[in-house]
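Asks:
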Amino acid sequence: MAQVRLPEWMNGTKGPARTTGLMRPRRGFLEKNIEGVSFLVREMVAPRVRSPHKGLLQSIDQRARVGGTLLLVLSGAFMKEIGPLAGLLVLTLVLALLSSVSFSALFKRVLPALVLAAVVAVPLFFDLIGGQASDGGTAGVEVLGYRVVFTVERLGTAGLLMTRVAAMVTPVAVLLLSTRESDLFKGLQGLPVPSFFVTALFMTFRYVFVLLKVVEDTSLSRRARTIDPSRLGDAQRWFASRAGLLVERSLRSSREVAMAMSSRGFTGRIRTLKPNGLKARDYLWIGFVSFVFFISIGL
Amino acid sequence: MHIPDGYLSPKTCGVLFAAMVPVWYLALRRVERTLDVERLPFLAFSAAFVFVMMMFNFPLPGGTTGHVAGGALAAIVLGPWAGVVAMSLALFLQAILFGDGGVTAFGANSFNMAFVMSFTGYYVYRTLNRGRDGTRWLWAASFAAGYASVNLAALAAAVELGLQPSIAQSTTGAPLYAPYPLSVTVPAVLVPHLLFFGPVEGVATALVVSFLARTNADLLYRPAEAAPRPMWAVVVVMALLTPLGLLASGTAWGEWSVDELHTIAGFIPEGMARLEGWWEGLMPGYTVSGMGPSLSYIVSAFIGSAAVVAGIYLVGKVWHR
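As given, the protein sequences belong to chains A and B, one line each in that order.
Those letters in the first sequence? Residues 1 to 299, by my numbering.
Those letters in the second sequence? Residues 1001 to 1321, by my numbering.
1. What is the DSSP secondary structure of residue 303 of chain A, reduced to helix, strand or coil?
2. Less than 7 Å between CB atoms is the rule here; does residue 1115 of chain B satisfy it with respect to chain A?
3. Taking 7 Å as the threshold (beta carbon to beta carbon), is residue 1147 of chain B in contact with chain A?
4. Compute the distance between the beta-carbons of residue 249 of chain A and residue 215 of chain A, then report whether it is under 7 Å.
5. Which residues, in order along the region 213 to 226 of chain A, keep a beta-carbon less than 8 Å from a beta-carbon of chain B?
6. Checking 7 Å against the spacing of the C-beta atoms, do residue 1118 of chain B and residue 1205 of chain B come in under that value?
7. Is there a Cβ from chain B that is less than 7 Å from the Cβ of residue 73 of chain A?
8. Counting only Cβ pairs nearer than 8 Å, list the residues of chain B close to residue 80 of chain A.
9. Going by C-alpha to C-alpha distance, which of B:1301, B:1276, B:1277 and B:1278 sits closest to residue 1288 of chain B?
10. Would residue 1211 of chain B pass as an interface residue toward chain A - the criterion being a Cβ-Cβ separation below 7 Å?
11. Would the beta-carbon of residue 1115 of chain B fall within 7 Å of that of residue 1023 of chain B?
12. Considering only residues of the same chain and omitting the five flanking positions on each side of residue 1157 of chain B, which have a CB-CB separation below 7 Å?
13. Residue 295 of chain A touches chain B at which residues, Cβ-Cβ below 8 Å?
14. Bridge partners of residue 126 of chain A, per DSSP?
15. I need the DSSP call for residue 3 of chain A, collapsed to helix, strand or coil.
16. Do you know offhand how far residue 178 of chain A's Cα is from residue 156 of chain A's?
17. Considering residue 1158 of chain B, what are the terminal residues of the alpha helix (DSSP H) in which it resides?
18. Kindly give me the distance between the Cβ atoms of residue 1309 of chain B and residue 290 of chain A, rounded to whole angstroms, as I take these residues to be in contact under 8 Å.
19. Residue 1010 of chain B versus chain A: which residues are under 8 Å apart at the beta carbon?
20. Using a threshold of 7 Å, state whether the C-beta atoms of residue 1044 of chain B and residue 203 of chain A are closer than that.
21. Name the chain A residues that come within less than 8 Å of residue 1054 of chain B, Cβ to Cβ?
22. Quick one: what does DSSP say residue 1062 of chain B is sitting in, helix, strand or coil?
23. Output the distance between the C-alpha atoms of residue 243 of chain A and residue 1025 of chain B, rounded to the nearest integer angstrom.
24. Indicate whether residue 1221 of chain B and residue 1077 of chain B have their beta-carbon atoms separated by less than 7 Å.
25. For residue 169 of chain A versus residue 113 of chain A, is the C-beta distance shorter than 7 Å?
26. Considering only residues of the same chain and omitting the five flanking positions on each side of residue 77 of chain A, which have a CB-CB separation below 7 Å?
27. Give the single residue among B:1180, B:1013 and B:1050 whose Cα lies nearest to the Cα of residue 119 of chain A.
28. My assumption, with CB atoms under 8 Å, is that residue 99 of chain A sits in contact with residue 56 of chain A. Please give the rounded CB distance.
29. State the DSSP-derived secondary structure class of residue 21 of chain A, mapped to helix, strand or coil.
30. In terms of residues, what are the limits of the alpha helix (DSSP H) holding residue 1090 of chain B?
31. Between residue 85 of chain A and the rest of its own chain, which residues show a CB-CB distance below 7 Å, the 5 nearest in sequence each way excluded?
32. With which residues is residue 1175 of chain B paired in a DSSP beta bridge?
33. Could you give the first and the last residue of the continuous alpha helix (DSSP H) run that contains residue 189 of chain A?
34. Check this for me: beta carbons of residue 191 of chain A and residue 67 of chain A, under 7 Å apart or not?
35. What residues of chain A sit near residue 1305 of chain B, judged by a beta carbon separation below 7 Å?
36. How many angstroms separate the CA atom of residue 59 of chain A from the CA atom of residue 1102 of chain B?
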């Protein structure tokens, strides 16, 4: 009986991962990355699929809702002090409460922007940022060889940045958590945004998932054929080939979709149904957010 | 490089949005003309491609990763104008649905990543690759396109952020938006891009373009040989120069008050002197006679919002007729 000769690398103890039924195959960086991105995109969309039907914002017309939210964001941009910005934030949180938006979901959405703002604000307290001696920051503590100074001015600047970011990011997060994508795109169509752009945007949103599925499938097939996922050159070549594949699929799919659209009578002109008229509560909402906006210009 | 909400003043956001309007208009016109009926799914798929590319990290030595912005790649594959539209669509989607980049900063982000990146990447690639064959030149041109485009876009973002303390301050002189001056933002943003993100963008762009050239070179954009129209160049240069207005102090040219005009010209034209103050508005300076300043301001805001509601109501009625 002929003896089976195993390849040299399979005898090594430090070599590639063994993919037996008892051990989970080791996932390379690319697989983790792709799974992470797909999970993130789906997680971002999932809350809106499950978004509550009833609530204050849900009862308002999509156009008024989207336009009003943008006015609230703009109000945050115009305000100049922490107090009014905190007031705007509280107002947005009350809106979230009245719209049955989950506070934990809202916090998860706003947190990354707050963390980034905090990271940006931290160097304000270090004296490596020059030109701040005039604010009375002569005392301080030494941290890693740098002097850290806390003064009212520096705390105020950092607080203003963080409050502004929170006040401007939260209205958009509340809108997203209380509005389905279809309503969101309908709302955008009511604003002075070209319908061509909104339709392209909606199609882009759908195609992102199509392309993500392509990447996931190719990642799965690579995983099924890979024994050693740790080689950098292979990973880079694979990245390039998948990006190339995405280009190819994108262009091929766009031609197929265009042919399908042409065969159904699409001539390049987008026609949309006339939306329903606004109701009294929509006008009330627009009046309210306009009032907040005009007030914010002087605050 | 995505600037979030709260870091740029409304003035900066407005200026950069205004700078992008002619670029979007020209880009849509150009794409519409060259692609006809196919343009919609083509643009949507291109934007989806850019979106997906921006989300994936690129493997680097030492187990680290880098993020690809994809502007140069989109421009090399789709052409610079379609690249602008695709990048803008992807950026809008990221801002509105995923909170990546601000809604108010959409104009600024589009200026940096859709406009500056696409055009820099495309023209660096074309200039270096023109009339040369061979994979080495292609690789080098794509690498340079990715490297240069991401660094120029980063420089634009750094300048926008660094200008904020000088153009938007509180009464005490404290910065109202991004708090660091140019001397801090430019090195803080540019050094990591020159040393790390630039090479990542360059290598990723070069790998993908080389792969496409090897497997299906027809997918790479080839411009129709036509003489460049000077008007477009003027519009592009104007759009690029528009943000310089942020540095200017004083009122806009020609919008002087009579006193300012007297200081500049040394006299006041008779007609202007006669008409000055003829119409001061319903509530000049947001004041209502007989009311305190705070109450006057609230009443002004109330009247303004009532005017907005009335305007929308009237527009709605006309639209439904």
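Each residue gets a CB set at the ideal place from its N, CA and C atoms; glycine is no exception.
Replies: On the basis of the data shown:
1. The shown model of chain A, from 1 to 299, leaves out residue 303 of chain A, and the question about it has no answer.
2. Locating residue 1115 of chain B in the second sequence gives position 115, where the first residue counts as 1. So, not an interface residue.
3. If you number the second sequence from 1, residue 1147 of chain B lands on position 147. By this cut-off, residue 1147 of chain B is not an interface position.
4. The residue labelled residue 249 of chain A in the question sits at position 249 within the first sequence. The residue labelled residue 215 of chain A in the question sits at position 215 within the first sequence. Their beta carbons are not under 7 Å apart, which means residue 249 of chain A does not touch residue 215 of chain A by this criterion.
5. Residues of the region 213 to 226 of chain A with a C-beta less than 8 Å from any C-beta of chain B: 215, listed in chain order.
6. In the second sequence, residue 1118 of chain B corresponds to position 118, counting from 1. In the second sequence, residue 1205 of chain B corresponds to position 205, counting from 1. No. Outside cutoff.
7. Working through the first sequence from its first residue, we reach residue 73 of chain A at position 73. Closer than 7 Å to some Cβ of chain B, the Cβ of residue 73 of chain A qualifies, so yes.
8. Taking the first residue of the first sequence as position 1, residue 80 of chain A is located at position 80. Residues of chain B with a Cβ closer than 8 Å to the Cβ of residue 80 of chain A are, in chain order, 1170 and 1176.
9. For the purposes of this step, residue 1288 of chain B is identified with residue 288 of the second sequence, where counting begins at 1. The option with the nearest alpha carbon to residue 1288 of chain B is B:1301.
10. As a position in the second sequence, residue 1211 of chain B is number 211, starting the count at 1. It does; some Cβ of chain A falls within 7 Å.
11. Here residue 1115 of chain B refers to the residue found at position 115 of the second sequence. Here residue 1023 of chain B refers to the residue found at position 23 of the second sequence. Yes. Within cutoff.
12. Looking up residue 1157 of chain B in the second sequence gives position 157. Excluding sequence neighbours, residue 1157 of chain B sits near 1001, 1003, 1112 and 1189.
13. Taking the first sequence and counting its residues from 1, one reaches residue 295 of chain A at position 295. Close to residue 295 of chain A, with beta-carbon spacing below 8 Å, are these residues of chain B in chain order: 1297, 1298 and 1301.
14. By 1-based counting over the first sequence, the position of residue 126 of chain A is 126. DSSP links residue 126 of chain A through a beta bridge to A:148.
15. Looking up residue 3 of chain A in the first sequence gives position 3. It is coil, neither helix nor strand.
16. Along the first sequence, read from residue 1 onward, the residue named residue 178 of chain A stands at position 178. Along the first sequence, read from residue 1 onward, the residue named residue 156 of chain A stands at position 156. Distance between the alpha carbons of residue 178 of chain A and residue 156 of chain A is about 33 Å.
17. For the purposes of this step, residue 1158 of chain B is taken as the residue at position 158 of the second sequence. Counting along the chain, the alpha helix (DSSP H) containing residue 1158 of chain B begins and ends at 1135 to 1167.
18. For the purposes of this step, residue 1309 of chain B is taken as the residue at position 309 of the second sequence. For the purposes of this step, residue 290 of chain A is taken as the residue at position 290 of the first sequence. Confirmed, about 7 Å.
19. For the purposes of this step, residue 1010 of chain B is identified with residue 10 of the second sequence, where counting begins at 1. Scanning chain A for C-beta atoms nearer than 8 Å to the C-beta of residue 1010 of chain B yields 74, 77 and 78, reported in chain order.
20. Numbered from its first residue, the second sequence carries residue 1044 of chain B at position 44. Numbered from its first residue, the first sequence carries residue 203 of chain A at position 203. The answer is yes: Cβ separation under 7 Å.
21. Locating residue 1054 of chain B in the second sequence gives position 54, counting from the first residue. Neighbours of residue 1054 of chain B in chain A, taken as residues whose beta carbon is under 8 Å from its own, are absent, since the nearest beta carbon is some 10 Å off.
22. Sequence index remark: in the second sequence, residue 1062 of chain B carries index 62 (1-based). Bear in mind that a pLDDT of 47 at residue 1062 of chain B, under 50, signals an unreliable position, so the model cannot answer this.
23. Within the first sequence, residue 243 of chain A is the residue found at index 243, counting from 1. Within the second sequence, residue 1025 of chain B is the residue found at index 25, counting from 1. Between residue 243 of chain A and residue 1025 of chain B, the alpha-carbon positions lie close to 29 Å from each other.
24. Taking the second sequence and counting its residues from 1, the one referred to as residue 1221 of chain B is at position 221. Taking the second sequence and counting its residues from 1, the one referred to as residue 1077 of chain B is at position 77. Against a cut-off of 7 Å, the Cβ pair of residue 1077 of chain B and residue 1221 of chain B comes out as a contact.
25. To locate residue 169 of chain A, count along the first sequence from 1; it is residue 169. To locate residue 113 of chain A, count along the first sequence from 1; it is residue 113. Taking 7 Å as the Cβ cut-off, residue 169 of chain A and residue 113 of chain A qualify as a contacting pair.
26. The residue you call residue 77 of chain A lines up with position 77 of the first sequence. 168, listed in sequence order.
27. The residue given as residue 119 of chain A occupies position 119 in the first sequence. It is B:1180 whose Cα lies nearest to the Cα of residue 119 of chain A.
28. Counted from its first residue, the first sequence places residue 99 of chain A at position 99. Counted from its first residue, the first sequence places residue 56 of chain A at position 56. Distance from residue 99 of chain A to residue 56 of chain A at the Cβ level is roughly 5 Å; contact confirmed, criterion being Cβ atoms closer than 8 Å.
29. Working through the first sequence from its first residue, we reach residue 21 of chain A at position 21. Bear in mind that a pLDDT of 45 at residue 21 of chain A, under 50, signals an unreliable position, so the number given afterwards is only what the model happens to contain. In the structure shown, residue 21 of chain A sits in coil (DSSP, three-state: anything other than H, G, I, E or B).
30. Position 90 of the second sequence holds residue 1090 of chain B. 1080 to 1098 is the span of the alpha helix (DSSP H), which, as asked, contains residue 1090 of chain B.
31. By 1-based counting over the first sequence, the position of residue 85 of chain A is 85. Taking residue 85 of chain A as the centre and dropping the five residues before and after it, the same chain places the C-beta of 76, 79, 163, 164 and 167 closer than 7 Å to its C-beta, in chain order.
32. As a working note, residue 1175 of chain B is residue 175 in the second sequence. DSSP output for residue 1175 of chain B lists B:1169 as bridge partner(s).
33. The residue you call residue 189 of chain A lines up with position 189 of the first sequence. Note, residue 189 of chain A: alpha helix (DSSP H), 181 to 190.
34. As a working note, residue 191 of chain A is residue 191 in the first sequence. As a working note, residue 67 of chain A is residue 67 in the first sequence. The Cβ atoms of residue 191 of chain A and residue 67 of chain A sit closer than 7 Å to each other.
35. Taking the second sequence and counting its residues from 1, the one referred to as residue 1305 of chain B is at position 305. Simply 287, 290, 291 and 294.
36. Start at 1 with the first residue of the first sequence, and residue 59 of chain A comes out as number 59. Start at 1 with the first residue of the second sequence, and residue 1102 of chain B comes out as number 102. Whole-angstrom Cα-Cα distance: 26 Å.
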